[in-house]
Amino acid sequence: MNCTEIQNWLLSADDRELARADHTAQSTVDQHLAGCYDCRQVADDLRQLEAQWRSLPLPPEASAAKTRFLMRLADQQLLPIAARVAASDVNSSGRVRVRSQPLAGGLRWALAASLLLACGGLIYQFGPSSEAQAAPDVVQRMIDWHLELSAADADQRQEIFDQRAIQFTQALDEDQLPADDAELGRKLLDEAQWLVKNVDPLAEASHFSKLADRMLGRLSQESAQKHAGKLAKVAREYSKAEDAVRENLHKLELDGKVVDARLEPIHDRQLRRKSALTVLVDSMPSSSQKAVKAALDPTAKPIHKGGKHRNRDKRELPI
Amino acid sequence: MLANGDGNANESDRDSPDASSNSTTNFAELVEQHWSAVYRLLYNLCGSAHDTEDLTQETFLRALNRLDSFQPGTKMRAWLLRIATNAWFDVRRKRQRVTMQALDVEPSEAEQSVEERLATAEQAALLRMAMQDLPDVTRMVFHLRVTEELSFAEIGEMAGVSEEAARWHMHQARTRLLRRMTKESVKRGP
Chain A
483 MNCTEIQNWL LSADDRELAR ADHTAQSTVD QHLAGCYDCR QVADDLRQLE
533 AQWRSLPLPP EASAAKTRFL MRLADQQLLP IAARVAASDV NSSGRVRVRS
583 QPLAGGLRWA LAASLLLACG GLIYQFGPSS EAQAAPDVVQ RMIDWHLELS
633 AADADQRQEI FDQRAIQFTQ ALDEDQLPAD DAELGRKLLD EAQWLVKNVD
683 PLAEASHFSK LADRMLGRLS QESAQKHAGK LAKVAREYSK AEDAVRENLH
733 KLELDGKVVD ARLEPIHDRQ LRRKSALTVL VDSMPSSSQK AVKAALDPTA
783 KPIHKGGKHR NRDKRELPI
Chain B
-19 MLANGDGNAN ESDRDSPDAS SNSTTNFAEL VEQHWSAVYR LLYNLCGSAH
31 DTEDLTQETF LRALNRLDSF QPGTKMRAWL LRIATNAWFD VRRKRQRVTM
81 QALDVEPSEA EQSVEERLAT AEQAALLRMA MQDLPDVTRM VFHLRVTEEL
131 SFAEIGEMAG VSEEAARWHM HQARTRLLRR MTKESVKRGP
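As they're listed, the protein sequences go chains A and B. Under our numbering, the first residue of the first sequence is numbered 483, with each subsequent residue one higher. Under our numbering, the first residue of the second sequence is numbered -19, with each subsequent residue one higher.
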């Protein structure tokens, strides 16, 4: 075989076919390559070319695209129509209602895992340890404090801050809080100061969106403990944060200050949390589901007057 | 063989019981395992992240609706890739040609110096550009052979050509890519 024939053979074959080829052909090619720099170079270039192609990274959009697909799947928008119609039933008023088809266990858990992963870094970053979940009272009170600050007019915020700040600082120093709670508490203290100085519904919506992420992370960790009471408590905190996001977005609309590009990440987070929450709640035992759904039920919450937050438990912040 | 669900050849997925189940029980797992490979193939065919996302979703939707038709004893990855190429051919037929957009240069995640990263990214961009200049079927054959390590018979079936034609396309792809990359390398100097 001459160089042209060898190079043509190399371009037509590859390593696996080389291995399968009869020993005579392989031996002929090997012998030629050993003594021919040009053909050896072609063989090396080919190997490099293909190795390089295999090593090209996936486009960065691929992961987000998968997350979006899984979220749509979780919303059951993508399940076969026939399956959804088969799951329809007739409600008490006689109207046909297409019920969400219960997801099979494996799929439900896999989706829950995927979606919580998709909700991502924040949940992981702020998710508490099991120790931290045991004594969240100070944190809960501080969240109420944040809601109160955000609902207040600019000139009232400093006073609200001053009323509580020292007590919270002491509580954080004195209480035997788990490390995660203490860290979150200190963060909330700093952010409360920020809320006093920055009356900006968009930034506040973003702040509460991050808080909702944290609470959802806490809820997902609590769900493993299967303690309905604790779950309901965390779900209430989560719900408060979500309400605060919505109310701040509503303020923006009222002020006519809607900035689409800056709203997009907040809406995106809301949607992700909604999907993740649906899957998470569906995956809970029925007793926990009941408690969590009751905590999340908006009809069970006190009505807000004039868009202001009120203490949901109808009691003063217990400091 | 790689079995990491990251787009490279995966022989271990042959007829996994979960994946071949008629239920959707492990469909999310199937998405997790094969999303990258399907996305990578379609991205190389479309060149646009937007079109790729649509087609990848379409692929998995078709798979979800046709899980019954998956034949035990065959490779789940190859089955999905076949659905993906069919979906792409369908779109191409409708649009004549899926819009090709310039591909982004993506930095390698490996730990490299700035110079190395630039060189790698540049090389990757050149290779992608060279690939984009190949005819659609030639590009598809090269990708499926190199990345998924499918047989020419399987590739031919996916690409809608004979096994021999698939080999010819591979020969064409290698010849043209090699020539192009060598030329670029000479142009850029040592």
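For glycine and all other residues, C-beta sits at the position ideal for the given N, C-alpha and C. From a predicted model like this one, the values you see are computed outputs, not experimental measurements.
query	result
Using a Cβ-Cβ distance cut-off of 8 Å, determine whether His14 of chain B contacts chain A.	no
Starting from Phe7 of chain B, trace the alpha helix (DSSP H) in both directions and tell me its first and last residue.	Phe7 to Cys26
Taking only runs of the alpha helix (DSSP H) that begin and end inside the region 714 to 770 of chain A, which ones reach a length of at least 4 residues, in chain order?	742 to 764
Answer yes or no: do Gln771 of chain A and Val763 of chain A have a C-beta to C-beta separation smaller than 8 Å?	yes
Exposed or buried, what is Met52 of chain B when buried is set at 16 or more other beta-carbons lying within 10 Å of its beta-carbon?	This sequence places Pro at residue 52 of chain B; Met is not what is there. Pro52 of chain B is exposed by the Cβ-count criterion.
Run down chain A in chain order and give the residues with a C-beta less than 8 Å from the C-beta of Thr155 of chain B.	Leu493
Mind pulling the beta strand (DSSP E) runs of 3 or more residues that sit fully within the region 41 to 65 of chain B?	none
Would His689 of chain A be called buried (16 or more neighbouring beta carbons within 10 Å of its own) or exposed?	buried
Take the Cβ of Cys485 of chain A as the centre, count every other Cβ of all protein chains shown within 10 Å, and call the residue buried at 16 or more, exposed below.	exposed
Around the C-beta of Leu736 of chain A, are 16 or more other C-beta atoms found within 10 angstroms, so that it is buried, or is it exposed?	exposed
Mind checking if Lys756 of chain A is an interface residue toward chain B, Cβ cutoff 8 Å exclusive?	no
If you measure from the beta carbon of Glu33 of chain B to each beta carbon in chain A, is any gap under 8 Å?	yes
Do Ala17 of chain B and Leu61 of chain B have their beta-carbon atoms positioned less than 8 Å apart in this structure?	yes
What's the gap between the Cα of Asp527 of chain A and the Cα of Gln534 of chain A?	10 Å
Is the region 666 to 680 of chain A touching the region 712 to 726 of chain A in the sense that three or more CB pairs, one from each, lie closer than 8 Å?	no
From Arg(-6) of chain B to Glu9 of chain B, what distance separates their C-alpha atoms?	Caution is warranted here: a pLDDT of 45 is assigned to Arg(-6) of chain B, below 50, making its placement in the model unreliable, and the coordinate value is therefore given only provisionally. Straight-line Cα distance between these residues: approximately 15 Å.
Using only CA atoms, which one of B:Gln152, B:Val121 and B:Asn6 lies nearest to Met56 of chain B?	B:Asn6
Cutting at 7 Å between CB atoms, please list the residues of its own chain near Ala110 of chain B, excluding the five before and the five after it.	Leu157, Arg160 and Met161
Grouping DSSP H, G and I as helix and E and B as strand, with all else coil, what is Val71 of chain B?	helix
Cutting at 7 Å between CB atoms, please list the residues of its own chain near Ala133 of chain B, excluding the five before and the five after it.	Glu143
Taking Leu25 of chain B as the reference, which of B:Trp59, B:Asp48 and B:Arg72 has the closest Cα?	B:Arg72
DSSP state of His628 of chain A, grouped into three classes?	helix
Where does Thr127 of chain B fall in DSSP's three states?	coil
Leaving out the 5 sequence neighbours to the left and right, which residues in its chain are closer than 8 Å to Gly667 of chain A when beta-carbon positions are compared?	Val620, Val621, Met624, Phe650, Ala653, Leu654 and Leu659
Compare the C-beta of Trp627 of chain A with all C-beta atoms of chain B and state if any pair is closer than 8 Å.	no
What beta strand (DSSP E) runs, 3 residues minimum, are completely inside the region 140 to 167 of chain B?	none
For Asp655 of chain A, does the three-state DSSP call read helix, strand or coil?	helix
Flag this pair as yes or no: are the beta carbons of Arg728 of chain A and Leu684 of chain A separated by less than 8 Å?	no
Is Pro539 of chain A helix, strand or coil when you go by DSSP?	coil
So which residues of chain A does Arg147 of chain B contact, with C-beta pairs closer than 7 Å?	Ser494
Spatial neighbours of Leu753 of chain A within its chain, please: C-beta separation below 8 Å, excluding the five flanking residues on both sides.	Met553
Ordered along the chain, which non-local residues of its own chain (more than five positions away) have a Cβ less than 7 Å from that of Ser3 of chain B?	Residue placement at Ser3 of chain B cannot be trusted, given a pLDDT of 46 that sits under 50; what the coordinates show is reported in the next sentence. If we look at Ser3 of chain B and ignore the five residues flanking it on each side, it has no Cβ neighbours.
Give the interface partners of Glu746 of chain A over in chain B, defined as CB-CB distance under 8 Å, in chain order.	In chain order: nothing, as chain B lies at least about 16 Å away.
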